[in-house]
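> Dropping a structure here in structure tokens format, bear with me for questions.
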Amino acid sequence: SSYISGNIQGATIVDALDTLYIMEMKEEFKEAKEWVEKNLDFNVNAEISVFEVNIRFVGGLLSAYYLSGEEVFRKKAVELGEKLLPAFNTPTGIPWALLNIKSGIGRNWPWASGGSSILAEFGTLHLEFVHLSHLSGNPVFAEKVMNIRKVLNRLDKPEGLYPNYLNPSSGQWGQHHVSIGGLGDSFYEYLLKAWLMSDKTDEEGKKMYYEAVQAMETHLIRKSSGGLTYIAEWKGGLLEHKMGHLTCFAGGMFALGADGAPNDKTGHHIELGAEIARTCHESYDRTSMKLGPEAFRFDGGVEAIATRQNEKYYILRPEVIETYMYMWRLTHDPKYRQWGWEAVEALEKHCRVDGGYSGIRDVYNNHESHDDVQQSFFLSETLKYLYLLFSEDDLLPFEHWVFNTEAHPFPVLHKDDGNKEENQK
Ligand code: DMJ
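Under this note's numbering, the residue at position 25 of the sequence shown is numbered 55, and the numbers go up by one with no gaps.
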């Protein structure tokens with residue numbers, strides 16, 4: 031979904047706060063904090079994407095607070111969370127995709143199946159909202175996201191799969207399209223991470239995650255004749271043999287979830303993560319720039335290659351590097367650092383421009399055509415995951431930290447924490 035946070039200014043600054051902190055760029059962090067204090071303003075007449083504002087602004091502020099302990103970030107996060115609450119004023123409590131934060135009026139994307147809300151959007155609020163309740167003492171945030179779970183669990187799922195579209199008025203699925211990439215992706219990620227962030231007490235999140243992975247394995251995960259494992263898209267029972275760059279995050283997710291996998295499947299989930307990492311690395315390696323396309327196909331005689339002109343771009347996305355980082359931490363196989371370094375070299379060679387880094391229009395071309403955009407997730411995710419890939423495991427260890435879908439670290443809420451705020455680094 032396109033980024034329309036419109037009149038809330040400062041996405042790049044807020045998204046980059048924790049990266050600056052982790053990289054010990056103290057001067058820049060201080061400057062960014064001062065900008066937040068003086069200029070970050072939510073009292074604007076803007077129609078925003080609830081999902082994008084949540085993962086980038088709420089997530090960025092929460093992680094900046096937990097890392098630095100600076101009260102201004104906590105205050106702003108809660109203030110923004112309150113602004114988002116009117117999005118839940120629908121008959122089912124499944125939130126609208128779009129919200130005017132001045133009027134409190136919500137609506138859905140005009141293109142989304144019969145007025146539906148999007149799975150990856152309403153399914154990617156859980157971690158932030160649990161922390162908002164934790165930090166504000168106000169249970170309303172957690173109640174809103176627990177209700178989303180309840181609505182989902184009342185519904186029948188086709189073949190155990192979750193369609194990308196759900197109508198917030200009727201509470202019924204829209205089109206039966208299923209994706210582990212765009213429109214679906216971080217819903218699955220948040221089931222697993224909700225369980226991990228709860229110190230493994232959220233049994234419901236755990237169950238929903240492993241059941242969803244089982245359905246993916248049965249219906250979406252395939253192996254090409256060349257031996258590459260990929261995750262296809264599902265449209266009413268028919269497979270489209272295409273994998274998005276966004277889907278590549280799933281390698282890291284499978285590996286992160288391996289430890290808790292039921293029925294002795296730990297090794298299997300690690301292996302699945304490794305196979306997805308390898309496939310996504312191939313999607314990079316089979317281009318001239320050694321940077322991956324937005325989507326690649328496994329049909330018409332190709333494997334892991336983009337065939338359509340409008341799928342050949344690279345916009346500084348993190349998912350492949352994210353998966354290398356998880357695979358490295360969980361296996362210590364040196365190839366993941368090698369692959370990460372290949373990406374560093376390609377980014378420097380093809381994306382570095384005077385003012386920063388730019389996306390590329392066609393990664394199969396020998397000459398860069400820059401799109402002149404530096405997405406805010408380049409600073410929050412791509413660079414942070416690269417930094418972690420080449421750091422020791424005790425920097426933001428997985429036992430204590432869970433990364434939101436925009437790579438903002440949140441502390442695990444340990445059973446004995448109560449409401450006491452803790453700052454474990
Ligand atoms: C980011 O905003 C998040 O990672 C989101 O989950 C998916 N899209 C971008 C990065 O590609």
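Just so you know, even glycine gets a beta-carbon here, dropped at the ideal spot from N, CA and C. As the structure is a computational prediction, the values presented were derived from the model and not from experiment.
So, helix, strand or coil for residue 420, using DSSP?
coil
> Assuming residue 110 contacts residue 434 under a Cβ cut-off of 8 Å, what Cβ separation, rounded to an integer in Å, is found between them?
Contact doesn't hold; Cβ gap of about 14 Å is too wide.
> Output the boundary residues of the beta strand (DSSP E) element that contains residue 456.
The requested residue 456 is not part of the displayed model; the chain covers only 31 to 455.
> By Cβ distance below 7 Å, which residues in the same chain neighbour residue 50 in space, the five residues on each side in sequence not counted?
58, 59 and 62
> Check whether the Cβ atoms of residue 297 and residue 283 lie closer than 9 Å to each other.
no
> So, with DSSP's three-state summary, where would you put residue 89?
helix
> So residue 326 and residue 273 are in contact, right, with Cβ under 8 Å, and what is the actual spacing, rounded?
6 Å
> Give a single yes or no on whether residue 423 has its beta carbon closer than 8 Å to a heavy atom of the ligand DMJ.
no
> Look at the alpha carbon of residue 195 and the alpha carbon of residue 122, and state the distance between them as a whole number of angstroms.
14 Å
> Can you give me the C-alpha to C-alpha distance between residue 244 and residue 360, rounded to a whole angstrom?
Between the alpha carbons of residue 244 and residue 360 lies a gap of roughly 21 Å.
> Does the ligand DMJ have even one heavy atom less than 8 Å from the beta-carbon of residue 216?
yes
> Can we count residue 404 as close to the ligand DMJ, meaning its CB is less than 8 Å from some heavy atom?
no
> Short check: CB of residue 252 to CB of residue 260, under 9 Å?
yes
> For residue 31 and residue 166, I'd like the C-alpha separation in whole angstroms.
With a pLDDT of only 38 at residue 31, under 50, the local geometry of the prediction cannot be trusted, and the value read off the model is given with reservation. Cα to Cα, the separation comes out at about 30 Å.
> Can you pull the DSSP bridge partners for residue 390?
344 and 400
> List, from N- to C-terminal side, the alpha helix (DSSP H) runs of 4 residues or more that fit wholly inside the region 109 to 158.
149 to 152
> Determine the closest residue to residue 139 out of 189, 376, 213 and 70, with distance taken between C-alpha atoms.
213
> Just checking my contact of residue 328 with residue 367 at CB under 8 Å: how many whole Å lie between their CB atoms?
Actually they are not in contact, since the Cβ atoms of residue 328 and residue 367 sit about 27 Å apart, beyond 8 Å.
> Tell me whether residue 394 is buried or exposed, calling it buried when 16 or more other Cβ atoms sit within 10 Å of its Cβ.
exposed
> Counting only the same chain and skipping the five closest in sequence on each side, list residues whose C-beta sits under 6 Å from that of residue 43.
62 and 65
> CB of residue 323 to nearest heavy atom of the ligand GDP: below 8 Å?
Among the ligands in the structure shown, the ligand GDP does not appear; only the ligand DMJ can be found there.
> How many angstroms separate the CA atom of residue 114 from the CA atom of residue 254?
43 Å
> Using 8 Å for Cβ pairs, my map puts residue 210 next to residue 280. What's the rounded Cβ distance?
Residue 210 to residue 280, Cβ: 5 Å. Contact.
> For residue 362, which of helix, strand or coil comes out of DSSP?
coil
> In this structure, what does DSSP give as the bridge partners for residue 441?
431
> Give me the Cα-Cα distance between residue 68 and residue 97, rounded to the nearest whole angstrom.
20 Å
> If you count every other CB in all the chains shown that lies within 10 Å of the CB of residue 458, and 16 or more means buried, which is it?
Coverage of the chain is limited to positions 31 through 455, which leaves residue 458 absent and any answer about it impossible.
> Tell me, which residues are paired with residue 207 by DSSP?
265
> Report yes if the CB atom of residue 151 is closer than 9 Å to the CB atom of residue 80, and no otherwise.
yes
> Please determine if the region 342 to 350 and the region 377 to 393 are in contact, where contact requires at least 3 C-beta pairs separated by less than 8 Å.
yes
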